[in-house]
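For the sequence shown, counting from 1, position 125 maps to 139 in my numbering; every step adds exactly one. Cβ coordinates follow ideal geometry from the N, Cα and C atoms, glycine included. Owing to the predicted nature of the structure, the values given are computational and were not obtained by experimental measurement. Read the structure below first, then the notes.
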Amino acid sequence: MPTAAIDLAALRHNLTRLRQVLRPGTAVMAMVKADAYGHGAGPVALALMHCGVTWFGVATPAEALALRAAGVSADILVLMPVYRDVAALLEQEIALTITDDLSLTALREQRRPGQRARVHLEVDTGMGRLGLPPEGAERLAEQLARTSEVTLEGLFTHFACADEADRSFTERQMARFQQTLSELKRRGITVPLTHAANSAGLLYPEAHFDLVRPGIALYGYHPSPVTKPLLPDLKPVMTLSAPVVFVKRVKAGQSVSYGAEWRAPSDTTIATVRLGYADGYPRALGNRAQVRLHGALCPVVGRVCMDQLMVDVGALEVNIGDHVTLFGPEGPTAEELAQLAGTISYELLTRIGERVERSYVE
Numbered sequence: 015m016p017t018a019a020i021d022l023a024a025l026r027h028n029l030t031r032l033r034q035v036l037r038p039g040t041a042v043m044a045m046v047k048a049d050a051y052g053h054g055a056g057p058v059a060l061a062l063m064h065c066g067v068t069w070f071g072v073a074t075p076a077e078a079l080a081l082r083a084a085g086v087s088a089d090i091l092v093l094m095p096v097y098r099d100v101a102a103l104l105e106q107e108i109a110l111t112i113t114d115d116l117s118l119t120a121l122r123e124q125r126r127p128g129q130r131a132r133v134h135l136e137v138d139t140g141m142g143r144l145g146l147p148p149e150g151a152e153r154l155a156e157q158l159a160r161t162s163e164v165t166l167e168g169l170f171t172h173f174a175c176a177d178e179a180d181r182s183f184t185e186r187q188m189a190r191f192q193q194t195l196s197e198l199k200r201r202g203i204t205v206p207l208t209h210a211a212n213s214a215g216l217l218y219p220e221a222h223f224d225l226v227r228p229g230i231a232l233y234g235y236h237p238s239p240v241t242k243p244l245l246p247d248l249k250p251v252m253t254l255s256a257p258v259v260f261v262k263r264v265k266a267g268q269s270v271s272y273g274a275e276w277r278a279p280s281d282t283t284i285a286t287v288r289l290g291y292a293d294g295y296p297r298a299l300g301n302r303a304q305v306r307l308h309g310a311l312c313p314v315v316g317r318v319c320m321d322q323l324m325v326d327v328g329a330l331e332v333n334i335g336d337h338v339t340l341f342g343p344e345g346p347t348a349e350e351l352a353q354l355a356g357t358i359s360y361e362l363l364t365r366i367g368e369r370v371e372r373s374y375v376e
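Structure, rendered in structure tokens:
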């Protein structure tokens with residue numbers, strides 16, 4: 015069956031490299047949302063926890079509860095507002111994000127008697143997605159500071175343009191966040207944890223604060239070329255492979271796949287591979303991408319189907335059950351395929367579906 019092999023040694027290497035560029039005293043909140051970017055949140059979080067990671071970030075309540083069920087005892091923050099399952103999250107000592115008055119109201123209404131809540135307040139400094147602008151966040155921070163059953167544990171923001179060469183927008187966001195911190199301090203409000211930097215935000219040492227929130231860099235890829243000089247030797251963690259399930263000879267001029275778009279320029283051998291767009295391999299890669307078979311690169315020909323894709327293996331000897339590599343550290347990489355498909359490595363990795371077995375190797 016199709017397999018995503020997760021190299022835990024590469025994961026640990028990437029964590030080490032990230033830690034080496036951090037400001038002293040800054041810790042890592044590892045982003046394991048979206049099933050650890052397709053890598054398997056439970057096993058990835060456990061591996062990172064054994065390397066001393068004490069915080070994990072997820073997007074949804076279900077993701078947080080799944081980590082606890084997998085045995086992750088470290089701190090967990092749900093990064094989106096929570097309007098249901100509040101009591102279940104507090105029971106598992108999971109920290110919540112407060113983005114506005116509605117999310118605070120949901121917390122107050124759903125909290126069981128005696129439950130204490132740890133919350134992180136999100137400040138919208140320019141992302142325009144979640145959180146209140148600085149003046150609203152300052153007002154809400156005062157409310158939280160006066161609420162006995164709630165501990166304001168953290169304050170954070172999210173950068174919109176940290177992966178771009180032009181630093182001006184990120185610097186303006188930083189200034190707004192720093193002003194908010196200064197205003198809270200002036201009002202006598204103490205926030206134990208502050209955080210702002212995603213993977214690209216590591217370029218800004220002044221944004222390292224108490225925590226950083228790397229995601230894609232942990233899994234071996236860069237947000238953009240801008241970050242490559244900072245972390246030049248990241249190792250891709252996932253290798254996606256799938257078996258050959260059918261082999262046939264085709265004559266020159268014979269078509270392959272839907273639409274008969276591709277026709278063999280000469281007599282050749284076609285291998286059908288058990289992986290398609292239902293498994294997360296982009297349909298746009300038909301007639302564009304290559305796979306690796308027995309060390310050689312072979313083109314994907316014809317349209318990618320829901321459950322299969324076809325490869326022109328030429329004169330290579332191939333048998334049913336042989337595995338082809340769709341992407342991995344030896345190439346093609348997920349980043350290269352994403353560029354061919356007009357998307358980003360984040361999307362390609364997170365699209366790898368449930369029919370693909372995850373295996374974990376050291």
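Tell me Leu-146's beta-bridge partners as DSSP assigns them.
-> Val-137
Starting from His-209 and walking both ways along the beta strand (DSSP E), at which residues does that stretch end?
-> His-209 -> beta strand (DSSP E) spans 207-209.
Determine which residues share a DSSP beta bridge with Leu-198 and list them.
-> According to DSSP, Leu-198 bridges with nothing at all.
DSSP bridge partner residues for Met-43 (one or two, in chain order) = Bridge partners of Met-43: Trp-69.
Look up Gln-193 in the DSSP assignment and say whether it is helix, strand or coil.
-> helix
Please classify Met-188: does DSSP put it in a helix, a strand, or coil?
-> helix
Which partner residues does Thr-165 have in the DSSP bridge list?
-> Partner(s): Arg-132.
For Leu-144 and Thr-113, believed in contact at Cβ under 8 Å, the rounded distance = 5 Å
Nearest CA to the CA of Gly-273: which residue from Pro-296, Gly-300, Asp-247, Ala-285?
-> Checked all of Pro-296, Gly-300, Asp-247, Ala-285; the closest Cα to Gly-273 is Gly-300.
Just checking, does the stretch 94-107 make contact with the stretch 252-271 on the three C-beta pairs under 8 Å criterion?
-> no
Contact the stretch 332-345 vs the stretch 247-260: 3+ CB pairs below 8 Å | yes
With hydrogens ignored, establish whether the beta-carbon of Leu-195 is closer than 7 Å to any heavy atom of the ligand COA.
-> Among the components modelled here there is no ligand, and therefore nothing to report on the ligand COA.
Cα-Cα separation between Gly-85 and His-64, rounded to whole angstroms | 12 Å
Would you check if the stretch 217-236 and the stretch 19-32 touch, i.e. whether three or more CB-CB distances between them fall below 8 Å?
-> yes
Can Gly-52 and Thr-364 be called in contact, C-beta distance under 8 Å?
-> Yes, they are a contact pair.
Any alpha helix (DSSP H) of 4 or more consecutive residues that is wholly inside the stretch 339-372 | Entirely contained in the stretch 339-372, the alpha helix (DSSP H) runs reaching 4 residues are, in chain order, 348-355, 359-364.
Could you tell me the boundaries of the beta strand (DSSP E) in which Thr-17 lies?
-> 17-21
By the 10 Å Cβ neighbour count, where 16 or more other Cβ atoms means buried, how is Ile-90 classified, buried or exposed?
-> For Ile-90, the number of other beta carbons within 10 angstroms of its own is at least 16, and it is reported as buried.
In chain order, what residues of the same chain lie with their CB nearer than 8 Å to the CB of Leu-330, ignoring the 5 residues before and after it?
-> The beta carbon of Leu-330 lies closer than 8 Å to those of Thr-283, Leu-307, His-308, Ala-310, Cys-312 in the same chain, with the five residues before and after it left out.
Residues near Trp-276 by beta carbon distance below 7 Å, same chain, minus five either side = Ser-269, Val-270, Asn-301, Val-315, Gly-316
By a C-beta neighbour count over all protein chains shown, 10 Å radius and 16 as the cutoff for buried, is Gln-34 buried or exposed?
-> exposed
Simplified DSSP assignment, three categories, for Gln-322 = Shown here, Gln-322 sits in coil according to DSSP, grouped into three states, outside any helix or strand.
Below 8 Å CB to CB, which residues in the same chain sit around Leu-116 once its five sequence neighbours on both sides are set aside?
-> Hits under 8 Å: Pro-95, Tyr-97.
How would you call Gly-66, buried or exposed, if buried means at least 16 neighbouring beta carbons within 10 angstroms?
-> Under a 10 Å Cβ-count criterion, Gly-66 is classified as exposed, with fewer than 16 other Cβ atoms of the shown protein chains found around its own Cβ.
Which partner residues of Asp-89 appear in the DSSP bridge assignment?
-> Trp-69
CA-CA distance, Gln-106 and Gly-71?
-> Take the alpha-carbon of Gln-106 and the one of Gly-71: they are about 15 Å apart.
Proximity below 8 Å, CB of Ala-151 to CB of Val-137 | Yes; because the gap between Cβ atoms is below 8 Å, this pair is in contact.
Measuring CA to CA, which of Leu-60, Arg-126, Asn-212, Asp-293 is closest to Cys-175?
-> Asn-212
Report yes if the CB atom of Gly-29 is closer than 8 Å to the CB atom of Leu-60, and no otherwise.
-> Note on identity: in this sequence residue 29 is Leu, with Gly being the wrong assignment. Cβ atoms of Leu-29 and Leu-60: not closer than 8 Å.
Give a yes or no on whether the C-beta atoms belonging to Phe-170 and Ala-210 are separated by under 8 Å.
-> yes
In the DSSP assignment, find the unbroken alpha helix (DSSP H) run with Arg-306 in it and report its ends.
-> It is not in any alpha helix (DSSP H) - Arg-306 instead sits in the beta strand (DSSP E) that spans 304-307.
Which one of Met-141, Val-100, Leu-146, Thr-111 has the shortest CA to CA distance from Arg-125?
-> Val-100
Could you spell out the range, first to last residue, of the alpha helix (DSSP H) harbouring Ala-120?
-> Annotation: the continuous alpha helix (DSSP H) that includes Ala-120 extends over 115-124.
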